[in-house]
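Input: a single structure, listed below in structure tokens.
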Amino acid sequence: MKICVVGTGYVGLVTGTCIADLGNDVTCVDVDEKKVENLKKNILPIYEPGLEELVKRNKKRLNFTTSIKEGMKGAEVIFIAVGTPPKHNGEADLTFVKEVAKSIGKSMDGDKIIVDKSTVPIGMGDLVESIIEDNYKGKSRYDVVSCPEFLREGSAIHDFMNPDRVVIGAKKKDAAEKVAGIFAPLKCKIVITDLRSAEMIKYASNSFLATKISFINEIANICERVGADVSTVAEVMGFDKRIGAQFLNAGAGFGGSCFPKDVAALINIARSEDYEPLILNAVMEVNKMQKKLVLNKIKRMLGTVEGRAIGILGIAFKPNTDDIREAVALDVIKSLAEKGCRIKAFDPVAMPNAKKVLKNVTFVKDAYEAAEKTECLVVLTEWNEFRELDLKKIKASMKKPVIVDARNIYDPETVKKHGFEYTGIGRN
Ligand SMILES: NC(=O)c1ccc[n+]([C@@H]2O[C@H](COP(=O)([O-])OP(=O)(O)OC[C@H]3O[C@@H](n4cnc5c(N)ncnc54)[C@H](O)[C@@H]3O)[C@@H](O)[C@H]2O)c1
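Structure representation (structure tokens):
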């Protein structure tokens, strides 16, 4: 099948490449000329494990262009995968989706199914349909379908190819079935729903995962006060199948381009319908508090924060990605810089992105250099390579051997045995 994917970011590029790998001819469209130019030369705009190889492997079935008209030519299905960033009030900014819908209306050259993969407020499918209607006066048929994306950065290809479920929300059964056919080779559960429920499933799922994180962080804060260890508590809670082990890692709070924005958007949607979402409000409040906790812990360990030499391990919002959108590390580093700290930071892949937004930071070549001559080493992203560091070497190079482990990657006893003063989250 000939398919067009609009937007070549984390979702669009992975979607386009994976769909090409399933045997379809895919044209990926992006307004960013530089991105498209680079993609034509196999230079990827993002870091995602395995993606470069997959793009290369599907070279013959994968094209890139800045022209939506060219991308849509002969395509039966068009995926929309552009960003829906948050506005200041938490509402989703739908400018990009609306622009794409308008361009689709103007570029129709036959029957099309328009599939929304971007995370959008409930009712957006109807709006996309009406925007196309305003811009297209021909006779071809067009159906708007919602197919929210659940992939996680860092394991995006695996997640796309092995989904727990594919959700397809549509008004017409034949349109839903046609889209289902694209995912059929994945041999996964495909659920067909109405449009609005599909849109809501995405927000509800992300909000639930964020709730799990804020919940365990709250438990962690109580654990610390009563002398319990949240790692043990969470592990054993997770044995209960009704609870499940995932998303119960206490830490410095959630960041990234999805959870903060999607919870904020759902709060906004609820309020616009005169409903005050008490749980979602608390999820955001706990998360805000959790980010501040790191600074308080550094202060507690050092007495004062002002002017200290601090080493930072990890900037990306989570491991295996270069994405730093809403990363907790950004907030922590900015607060430390405001207090006149001398900061050295290392992240295995996110430093090029970090350099664009962080000032007053010395970016170094590895974790050991980040620790050298500092008074406190702060772990902010749980990259696997940080778990296996030579602690003896680290201790010998630090001015003061203090570790604030904001992702609980170390065993407190082991670290203390090496002569460090240690604090994690939710355990003493
Ligand atoms: N990143 C994730 O892990 C993830 C997971 C699931 C769902 N989502 C959702 O998917 C959507 C996309 O997220 P992302 O992280 O891939 O965003 P992104 O910012 O990485 O990529 C968006 C791309 O769209 C392009 N674009 C903007 N306007 C365009 C236009 N008019 N025509 C063509 N291209 C245009 C941008 O240049 C950019 O390359 C969002 O709604 C997000 O919430 C993201």
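The numbering of the sequence shown is our numbering, which starts it at 119 and goes up by one. Glycine residues also receive a C-beta, built at the ideal position from the N, C-alpha and C atoms. Keep in mind that this is a model prediction, so the values were computed, not measured.
From which residue to which residue does the alpha helix (DSSP H) around Thr-202 run?
For Thr-202, there is no enclosing alpha helix (DSSP H), as DSSP gives it neither H nor E.
Which residues in the same chain as Lys-473 place their Cβ atom closer than 8 Å to its Cβ, once the five residues preceding and following it in sequence are excluded?
Correct list, in chain order: Phe-481.
Here's the rule: buried if 16 or more other CB atoms are within 10 angstroms of the residue's CB, otherwise exposed. What is Asn-280?
So Asn-280 ends up on the exposed side.
Top-ranked residue by Cα proximity to Lys-535, from Lys-510, Arg-360, Lys-517:
Looking from the CA of Lys-535, the closest CA among Lys-510, Arg-360, Lys-517 belongs to Lys-510.
Figure out for me which residue from Val-263, Asp-252, Lys-220 has the closest Cα to the Cα of Asp-292.
Comparing C-alpha distances from Asp-292 to each of Val-263, Asp-252, Lys-220 shows the shortest one belongs to Val-263.
From Lys-415, Ala-388, Ile-527, pick the residue whose C-alpha is nearest to that of Glu-209; which is it?
With distances taken between Cα atoms, Glu-209 lies closest to Ala-388.
Looking at the strands, I want to know which residues DSSP matches up with Glu-539.
Answer is Val-520.
So, under 8 Å CB-CB, Val-285 and Thr-311 are touching, yes? Tell me the CB distance rounded to an integer number of Å.
Between Thr-311 and Val-285 the Cβ distance is about 6 Å, and since that is below 8 Å, they are a contact.
Can you tell me whether Lys-462 is helix, strand or coil according to DSSP?
In the three-state DSSP reduction, Lys-462 falls in the strand class (E or B).
Cβ contact (3+ pairs, closer than 8 Å) linking the region 161–179 and the region 128–139:
Touching, yes.
Assigned secondary structure, Phe-357 (DSSP; H/G/I helix, E/B strand, else coil):
It is helical.
Which term fits Tyr-321, buried or exposed, when burial requires 16 or more other beta carbons within 10 angstroms of its beta carbon?
So Tyr-321 counts as buried.
Could you compute how far the alpha carbon of Asn-176 sits from the alpha carbon of Cys-136?
Their backbone Cα atoms lie some 9 Å apart in a straight line.
Beta-carbon separation of Phe-214 and Gly-201 under 7 Å?
With a cutoff of 7 Å on beta-carbon distance, Phe-214 and Gly-201 are scored as near each other.
Counterpart residues of Val-123 in DSSP-defined beta bridges
DSSP lists Cys-146, Phe-197 as partners of Val-123.
If you run the structure through DSSP and keep just helix, strand and coil, what is Asp-508?
In this structure, Asp-508 counts as coil in the three-state DSSP scheme.
Which same chain residues end up closer than 6 Å to Glu-500 when comparing Cβ atoms and leaving out the 5 residues on each side of it in sequence?
Within its own chain, the residues whose Cβ lies closer than 6 Å to the Cβ of Glu-500, once the five positions on either side in sequence are excluded, are Pro-437, Arg-525, Ile-527, listed in chain order.
Could you have a look at Phe-372 and say whether DSSP puts it in helix, strand or coil?
In the structure shown, Phe-372 adopts coil according to DSSP, grouped into three states.
Straight-line Cα distance separating Asn-405 from Lys-153
Going from the Cα of Lys-153 to the Cα of Asn-405 covers about 34 Å.
Rounding to the nearest angstrom, what Cα-Cα distance links Thr-183 and Asn-367 in this structure?
Going from the Cα of Thr-183 to the Cα of Asn-367 covers about 41 Å.
Is it right to say Gln-364 is buried, meaning 16 or more other beta carbons lie within 10 angstroms of its own, or is it exposed?
Around the C-beta of Gln-364, fewer than 16 other C-beta atoms lie within 10 Å, and the residue is accordingly described as exposed.
Which first and last residues belong to the alpha helix (DSSP H) in which Gly-223 is found?
Its alpha helix (DSSP H) spans residues 213–225.
Can you tell me which of Glu-490, Leu-498, Thr-532, Val-496 puts its alpha carbon nearest to the alpha carbon of Ile-512?
In terms of Cα proximity to Ile-512, the closest of Glu-490, Leu-498, Thr-532, Val-496 is Glu-490.
What I want to know is whether the C-beta of Asp-150 ends up closer than 6 Å to one or more non-hydrogen atoms of ligand 1.
For Asp-150, the shortest separation between its Cβ and any heavy atom of ligand 1 lies below 6 Å.
Given this structure, state the Cα-to-Cα distance separating Thr-532 from Asp-508, to the nearest angstrom.
Rounded to whole angstroms, Thr-532 to Asp-508 spans 12 Å at the Cα level.
Apart from the five residues just before and just after Thr-329, which ones in its own chain have a Cβ nearer than 6 Å to its Cβ?
If you ignore the 5 residues before and after Thr-329, its C-beta comes within less than 6 Å of the C-beta of Val-401, all in its own chain and listed in chain order.
Compute the minimum distance between the beta carbon of Thr-541 and the heavy atoms of ligand 1, and state whether it is under 6 Å.
Because no heavy atom of ligand 1 lies under 6 Å away, the Cβ of Thr-541 does not count as near it: no.
Are the beta-carbon atoms belonging to Gln-408 and Asn-324 less than 7 Å from one another?
No.
What are the residues that DSSP puts in a beta bridge with Tyr-260?
Beta-bridge partners of Tyr-260 (DSSP): Lys-230.
Taking 7 Å as the cut-off, decide whether the C-beta atoms of Ala-488 and Gly-373 are in contact.
Cβ atoms of Ala-488 and Gly-373: not closer than 7 Å.
Nearest by alpha-carbon distance to Lys-235: which of Lys-158, Ile-340, Ala-514, Gly-287 is it?
Closest in alpha carbon position to Lys-235, among Lys-158, Ile-340, Ala-514, Gly-287, is Gly-287.
Rounded to whole angstroms, what's the CA-CA distance from Lys-457 to Ile-430? Just pull it up for me.
The alpha-carbon of Lys-457 is positioned some 15 Å away from that of Ile-430.
Have a look at Met-469, Asp-465, Ile-521 and flag the residue whose alpha-carbon is nearest the alpha-carbon of Glu-503.
The option with the nearest alpha carbon to Glu-503 is Asp-465.
So Leu-463 and Ile-451 are in contact, right, with Cβ under 8 Å, and what is the actual spacing, rounded?
For clarity, residue 463 is Ala in the given sequence; the question names Leu instead. The C-beta separation of Ala-463 from Ile-451 comes to about 7 Å, placing the pair in contact by the 8 Å criterion.
Can you tell me where the alpha helix (DSSP H) holding Ile-164 begins and where it ends?
Going by DSSP, Ile-164 is part of no alpha helix (DSSP H) at all; its letter is neither H nor E.
Here's a check: name, in chain order, each residue in its chain whose Cβ is nearer than 8 Å to the Cβ of Leu-313, leaving out the five neighbours to either side.
Contacts found: Gly-243, Asp-244, Val-262, Val-263, Ser-264, Gly-287, Ala-288, Lys-289.
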